[in-house]
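Peer 1:
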Amino acid sequence: MTVVFGIFLLTLLVITAVAVVRTRNLFVAVMLLGIFSLLIAANFLLLDAADVALTEAAVGAGISTVLFLGALALTSETEHAATPHRWLSLIVVVSATLVVLYATFDKPTFGDPEAPIQQHVAPWYLEKTPEYIDVPNVVTAVLASFRGYDTLGEVFVVFTAGIGVLFLFSAPHGHAARRRPGARDGSSIGLRDDLIPRVVGRLLVPFILLFGLYVQFHGDYGPGGGFQAGALVAAAFILYALVEGEDRTLQALPFNALLALMVSGALLYGLVGVASIFLGGNFLDYSVLSEDPVAGQHLGILLIEAGVGLTVTGVLLSIFHAFAARDRF
Amino acid sequence: MELLGLFHYWVFAVLLMIGFYAVVAKVNLVKKLIGLSLFQAAVFLLYITMGKVSGGTAPIFQAGMTDALFSNPLPQVLILTAIVVGISTTALGLGIVVRIKEEYGTIEEHEIQEIDRR
Amino acid sequence: MQTVLDIMSWILLTAGGGFVLVGGIGALRMPNLYTRMHAASVTDTMGAVLVLSGIMLQAGLSLATIKIAAILLFLLFTSPTSSYALASAAMLAGIKPDAGRAADCEDAS
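Chains as they are written, first to last, in this note's numbering: chain A, 1 to 329; chain B, 330 to 447; chain C, 448 to 556.
1. State the DSSP-derived secondary structure class of E437(B), mapped to helix, strand or coil.
2. Given this structure, state the Cα-to-Cα distance separating G507(C) from M31(A), to the nearest angstrom.
3. What is the DSSP secondary structure of I389(B), reduced to helix, strand or coil?
4. Measure the beta-carbon distance from G314(A) to G265(A) and round it to whole angstroms, keeping in mind my assumption that it falls under 8 Å.
5. Report the option in I117(A), V200(A), Y221(A) and P206(A) whose CA atom is closest to the CA atom of F129(A).
6. Where Y132(A) and V155(A) are concerned, what is the direct C-alpha to C-alpha distance, given to the nearest angstrom?
7. Exposed or buried, which one is D453(C) when buried takes at least 16 other CB atoms within 10 Å?
8. Short of 9 Å Cβ to Cβ, which residues in the stretch 521-533 of chain C face chain D?
9. In terms of residue numbering, what span does the alpha helix (DSSP H) encompassing V233(A) cover?
10. Output yes if chain A places a C-beta closer than 8 Å to the C-beta of S535(C); else output no.
11. Run down chain B in chain order and give the residues with a C-beta less than 8 Å from the C-beta of F110(A).
12. Interface residues of chain C around L204(A) at Cβ under 8 Å?
13. So V200(A) contacts chain C; which residues on that side make the cut at Cβ distance below 8 Å?
14. Just how far apart, CA to CA, sit M484(C) and T78(A)?
15. Between which two residues does the alpha helix (DSSP H) harbouring R483(C) extend?
16. Quick one: what's V382(B) bridged to in DSSP?
17. Should I408(B) go down as buried or exposed, given a rule of 16 or more other Cβ atoms within 10 Å for buried?
18. Please confirm whether Q119(A) has its beta-carbon closer than 8 Å to some beta-carbon of chain B.
19. Name the residue from S290(A), A171(A) and M262(A) whose alpha carbon lies nearest to the alpha carbon of L310(A).
20. Please list the terminal residues of the continuous alpha helix (DSSP H) segment that includes N43(A).
21. How long is the line joining the alpha carbons of G225(A) and H439(B), rounded to whole angstroms?
22. DSSP state of T492(C), grouped into three classes?
23. State buried or exposed for M346(B), treating a residue as buried only when at least 16 other CB atoms are found within 10 Å of its CB.
24. Nearest-angstrom Cα distance between L468(C) and L69(A)?
25. With a threshold of 8 Å between beta-carbons, can Y125(A) be considered close to chain B, or not?
26. Can you give the Cα-Cα distance for F167(A) and L316(A), rounded to whole angstroms?
27. Does the beta-carbon distance from V340(B) to L13(A) come in below 8 Å?
28. Any idea what DSSP makes of F368(B), helix, strand or coil?
29. For I429(B) and L126(A), what's the separation of their Cα atoms in angstroms?
30. Determine the direct distance from the alpha carbon of V294(A) to that of L279(A), and round the result to whole angstroms.
31. Can you tell me whether DSSP reads F283(A) as helix, strand or coil?
32. Count the other CB atoms, across all protein chains shown, that sit within 10 Å of the CB of T2(A); report buried if there are 16 or more and exposed otherwise.
33. For the alpha helix (DSSP H) holding E154(A), just list the boundary residues, first then last.
34. Just verifying my parser: in three-state terms, what is the DSSP assignment at P181(A)?
35. Alpha carbons only, please: which of G348(B), A342(B), S366(B) and K355(B) is nearest the one belonging to L421(B)?
36. According to the Cβ coordinates, are F237(A) and L250(A) closer than 8 Å?
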């Protein structure tokens, strides 16, 4: 039965992808991309990837849609029909598809426990996690501790993207030539005139924040962790900004606080690594952070997940404010 | 039964090429970025599909459970990182597109090349 | 007891699926944006309530049931609000809630 459901979801994915590429209205394309992200998150759940499904739903269906809509508000909403060299591209794409389809016949059987990917490293992680780290969620254990160096790189990639967008939008633009909005000229801000979204939105924001905190600290015991929590907290503030207007959101969480969040998260991660050097271990070796190595691992994972959550929140909110505050020319 | 397993990989191939077509053939820059997102999503699907073990469950130890078959946690870790990196590059790309619109007045590729040639 | 619970969940899940099907058919066949939205909102509310209640019966008295109840509560808050926001945006965009072709035919005859 699950197989039938999986095939149904995959077919819907292909149909949605074709619709995204074919439509000329970019607004429709972005909305369909959100639906695509949700469908692929459901698919990930069917394939036993709970953490990945949560991240894809939060980041792909939530934040990505908001960023695309912010960019669409500053550029145009439809695309021109002209697609030069269309037949050449189609021929190239179709032949590449046939090549990849031919390659799929050599792939390991779907779900085979003896496939090469299931040997060597993965059984070692599954076996040694209760012994070295003692955390129920193996994905968090591998992400935060066994492969912590990769996650450090990822945090710095997110940080760099935030800095990049802030640099790009630091050039003053338009007759306003200001980056942070002062008092607007009396036009309606946000959804303030609409009572129902305003009431329900303001009611929901504390619960979203609470859920974000839950996901942050519960990443050890179930699906969750820093990235998902950062996206959820950013989504709460974006909801508030959509309902109440950007000025009041900047009063609630000022721009300097966002910059501080961005920087302190990455700094916290790096400091944990350096602290473990000073305490006698290797870089990012959490076992030396405490008397008992397992407790040290728990402390290390807690600190770096907090760092990840801080940076992701700061970066996503900074990017949102950068897009939202930009004046249309 | 073999065919059902292969269907997952075929969907990956089709999604990959749909995204690739959008990147290569469309002239609108935002459409190209959307195609890039589709391409990345297809790659995520491939990795997670390869990590699945039939009869397995999510790699989370439940209390009081002895021997359970788990799906592979390693591709999930890699794809978690990849999703976040993907959204970062998309955000940066959208920033660049907005700046291009402000400077050139258009985000269609052939018109930008036209303006550059002058 | 277990079979009674199973039968109840079967009834609830099938009824929920029926409402989702009705919502889907309505979203395709209705003549106007507003009527289509009205049909689709059946999926969000009645379909969600019935399907999630069926799943809650299957989960018994456990933490999962409380989580599903919380999800249902938030779904019941947000789905009608998003339908309202969509309809309000459509009004602002200028789409008029005329009655569509079906009512025109009735008025003429």
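Don't be surprised by glycine CBs; every beta carbon is placed ideally from N, CA and C.
Peer 2: Quick answer:
1. Assigned with DSSP and collapsed to three states, E437(B) falls in strand.
2. Straight-line Cα distance between these residues: approximately 37 Å.
3. It is a strand residue.
4. The C-beta separation of G314(A) from G265(A) comes to about 7 Å, placing the pair in contact by the 8 Å criterion.
5. The displayed chain sequence assigns Thr, not Phe, to residue 129(A). Among I117(A), V200(A), Y221(A) and P206(A), the Cα nearest to that of T129(A) belongs to Y221(A).
6. Cα to Cα, the separation comes out at about 24 Å.
7. D453(C) comes out exposed.
8. Among the protein chains of the structure shown, namely A, B and C, there is no chain D.
9. For V233(A), the enclosing alpha helix (DSSP H) covers residues G226 to E244.
10. Yes, S535(C) lies at the interface with chain A (some Cβ there is under 8 Å from its Cβ).
11. In chain order: L333, G334, L335, H337, Y338, T378, K381 and S383.
12. Residues of chain C with a Cβ closer than 8 Å to the Cβ of L204(A) are, in chain order, F521, F524 and T525.
13. Ordered by position in chain C, the residues that pass the 8 Å Cβ test against V200(A) are F524, T525 and T528.
14. Note on geometry: alpha-carbon atoms of M484(C) and T78(A) lie some 24 Å from one another.
15. Here the alpha helix (DSSP H) through R483(C) covers L480 to V489.
16. Beta-bridge pairing links V382(B) to G111(A).
17. Residue environment for I408(B): buried (at least 16 other C-beta atoms within 10 angstroms of its C-beta).
18. No, no contact with chain B.
19. For L310(A), the closest C-alpha among the options S290(A), A171(A) and M262(A) is that of M262(A).
20. Boundaries of the alpha helix (DSSP H) harbouring N43(A): L26 to L46, taken from the DSSP string.
21. One alpha carbon belongs to G225(A), the other to H439(B), and they sit about 43 Å apart.
22. Residue state, collapsed to three classes: helix.
23. By the 10 Å Cβ count, M346(B) comes out buried.
24. Straight-line Cα distance between these residues: approximately 31 Å.
25. Y125(A) has a beta carbon lying within less than 8 Å of a beta carbon in chain B.
26. Their Cα atoms are separated by approximately 15 Å.
27. Their beta carbons are under 8 Å apart, which means V340(B) touches L13(A) by this criterion.
28. Looking at F368(B) - three-state DSSP - the assignment turns out to be helix.
29. Per the coordinates, the alpha-carbon of I429(B) lies some 48 Å from the alpha-carbon of L126(A).
30. As the crow flies, the alpha-carbon of L279(A) is around 16 Å from that of V294(A).
31. Of the three classes helix, strand and coil, the one that applies to F283(A) here is coil, per DSSP.
32. By the neighbour-count rule (16 or more Cβ atoms within 10 Å), T2(A) is not buried but exposed.
33. For E154(A), the uninterrupted alpha helix (DSSP H) segment begins and ends at G148 to L168.
34. Because P181(A) carries a pLDDT of 48, less than 50, the predicted location of this residue cannot be relied on, and no value is offered for it.
35. Of the listed residues, the one whose Cα sits closest to L421(B) is S366(B).
36. The Cβ atoms of F237(A) and L250(A) lie no closer than 8 Å to each other.
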